[in-house]
Structures are given as structure tokens and as C-alpha cells.
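*Asks:* Numbering follows our numbering, with no gaps: position 81 of the sequence shown is 506.
We put the CB at the ideal spot given by N, CA and C, even for glycine.
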Amino acid sequence: MRYIAMCSNGKDSLAMVLLLIEKNAPLDEVVFYDTGMEFEAIYKNWHKLSKLLNNKIIKTTTLKPPIPFEEKAFNIVVNERGGGTHHGYSWCGGRCRWGTTDKLRIMDKYCESEPTTCYVGIAADETKRIAKERKPYKKLPLVDWNMTEKDCLNYCRKSGWSWQEGGVDLYDVLDRVSCWCCRNKNKKELRNIYKYLPKYWDKLKDFQTKTSIPMKKFYNNKVQYGSVFELEKIFRNEEN
Ligand code: SF4
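1. Thinking just about the alpha-carbon of each residue, which of Y621, A466, I446, D527 is nearest to the one in V602?
2. With DSSP run on the structure shown, which of helix, strand or coil describes K484?
3. Taking C-alpha atoms, which residue in L615, T460, D453 lies nearest to I482?
4. How about E574 and K436: do their beta carbons lie closer than 9 Å?
5. Could you please give the first and the last residue of the uninterrupted alpha helix (DSSP H) stretch that includes C536?
6. Check whether the Cβ atoms of T486 and V442 sit closer than 9 Å, and answer yes or no.
7. Is the separation between the beta-carbon of K641 and that of W605 shorter than 9 Å?
8. Along the chain, where does the alpha helix (DSSP H) that runs through E454 open and close?
9. Can you tell me whether DSSP reads E590 as helix, strand or coil?
10. For M431, does the count of other Cβ atoms within 10 angstroms reach 16, so buried, or fall short, so exposed?
11. Between which two residues does the alpha helix (DSSP H) harbouring T552 extend?
12. If distances are taken between C-alpha atoms only, which option among N470, L578, I446, R559 comes closest to D459?
13. Examine the ligand ADP and report whether any of its heavy atoms sits within less than 8 Å of the Cβ of G546.
14. With DSSP as the reference, identify every bridge partner of N504, one or two as the case may be.
15. Among all the DSSP beta bridges, which residues are the ones paired with Y544?
16. Can we count K603 as close to the ligand SF4, meaning its CB is less than 8 Å from some heavy atom?
17. Are there 16 or more other CB atoms within 10 angstroms of the CB of D527, so buried, or fewer, so exposed?
18. Tell me, please, whether the region 531-542 touches the region 507-517 by the rule of three or more beta-carbon pairs shorter than 8 Å.
19. Following the continuous alpha helix (DSSP H) through V653, name the residue where it begins and the one where it ends.
20. Restricting to Cα atoms, I'd like to know which of G507, W586, R554 is closest to H472.
21. In chain order, what residues of the same chain have a beta carbon less than 6 Å from the beta carbon of L622, not counting five sequence neighbours either side?
22. Do you know whose CA, among E495, T552, K563, lies nearest M572's CA?
23. Quick one: Cα of P639 to Cα of R608, how far?
24. Count the other CB atoms, across all protein chains shown, that sit within 10 Å of the CB of I492; report buried if there are 16 or more and exposed otherwise.
Structure representation (C-alpha cells):
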């Protein structure tokens, strides 16, 4: 039996890995699934964590999607239900989380290639995620330890970890540190990207130029915005 921890290098799964080590729990390998669209702070933390793990003779593995994220978002030919085709799946998130589907499929395939116990970093207060059915080899140590999301962030920070970029810690301006282009980001998070992380705001604008679908189309109930450019107008007006 091998023991694997899945680590996105966000606060919860990072706290889980650090605690697994601290508690001397069986741990052979830590796996990071790189969508290709992670914040730089995530890559930095993976680099730092890999060094720490390798010093303890714990294997590190990076998995990637078979088709690069942007290739799938803009270029591949997609068959439509009523016949016809178009290029790319566009934004990922909301009802069309094609990147998450890839991620789960690839991580499960990796785990199931030999007998494995897989630690997953779901926090004790993520009740909806905890309630979901999952394969029996997946374990939730943070739930067993009663570690909430807040506890995980505090534990990571206390242990000397941060997600610094552009003069801010990503966890001070974002609710979740997921892909920078994630359609699930709310208006407050997008405002903070515009304000504090202009490099990623430019990337979002570039993403928007490559698809006719507005980033926030499905969240448009009575809200006068949809595309990244419409959002930018709103944020600029707020500043004046
Ligand atoms: S974080 Fe968002 S963009 Fe990234 S894979 Fe998940 S749903 Fe898609």
C-alpha cells in the first residue's frame, strides 16, 4: 500500500501535508496537479515544499492535463449537440468545469494504478464537500483532526508559509486561491485582482479577447456586467 497526499499548495492541502509529516503519519508521495493556470505563489510554494519533502525522502510528483489548459479553452474542435463544431470550451467554472473534470479523472487514474491510500485536503468545516460520496481509498485527515479552513491558514502562516504576490498575500484578497482564470471568482475577488494583481488582470483581459463568451455570463442576473472589459469599466468608475 502506498500513501499519497494530493496537494494543490493552497492553505488546506498544504496544512494537511505539513501535519501528516508532523504527526509521523505514513506518507510516501505528494502529488500536485498543475492546471498550468496557477498563481506564481502556488508554484513557489510547490518548489519550497518539494525541497522539504525530498529532504525527508518523500517522493514528489507533478501531474498535468493531457491537453494544455489554453489549448482546450480556445483551440480544440468541440462537437456541438445539434451537430456542428466550434473551437475551445472557453472559460472554466460555473456549470462547465471542464478543467476540474480533467483534474479528477487524471488524479484518480494515478491513484488507482496501484493499491493506494490517498489523503485529500478537505477541511472540517467544508460540510458540502465532506457529504459528497467518494472512493473508499480517499481519506480526509483534516476532518479527523477537526481542522477548519481558518485553522489551516493559521497553521500554514504560523509555520512560515505565505502566498505573497505583488505586495499582497493572495489569501488576504481572494476567498479561494484557485486558477487565476477561474470563472467562479466573485466580484469582490475580481475587484481585488484588478486593484492588487494587475498582471493577472491583464491576463484575464487577454483571455477574454480569445473568447466571445463573457467571463461572468451565468452570474448576470440583474447585474450589469459580463465580460472582463465591462468589469474593468465598473472598477475604474468606482475609483473616481
Ligand atoms: S479552479 Fe476553476 S478554472 Fe481551475 S479547474 Fe477548477 S473550476 Fe476550472
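*Replies:* If we stick to the structure as given:
1. A466
2. strand
3. D453
4. Cβ atoms of E574 and K436: closer than 9 Å.
5. Note, C536: alpha helix (DSSP H), 523-536.
6. no
7. no
8. First-last for E454: 454-458, but that is the beta strand (DSSP E), not the alpha helix (DSSP H).
9. strand
10. buried
11. 552-556
12. When only C-alpha atoms are compared, the closest one is N470.
13. For the structure depicted, the ligand ADP is absent and the ligand set comprises only the ligand SF4.
14. T510
15. A430, K564
16. It should be noted that the sequence gives Ser, not Lys, for residue 603. Correct: S603 has its Cβ closer than 8 Å to the ligand SF4.
17. buried
18. no
19. 653-664
20. Checking every option, the nearest Cα to that of H472 belongs to W586.
21. G591
22. T552
23. The alpha-carbon atoms of P639 and R608 are separated by roughly 10 Å.
24. exposed
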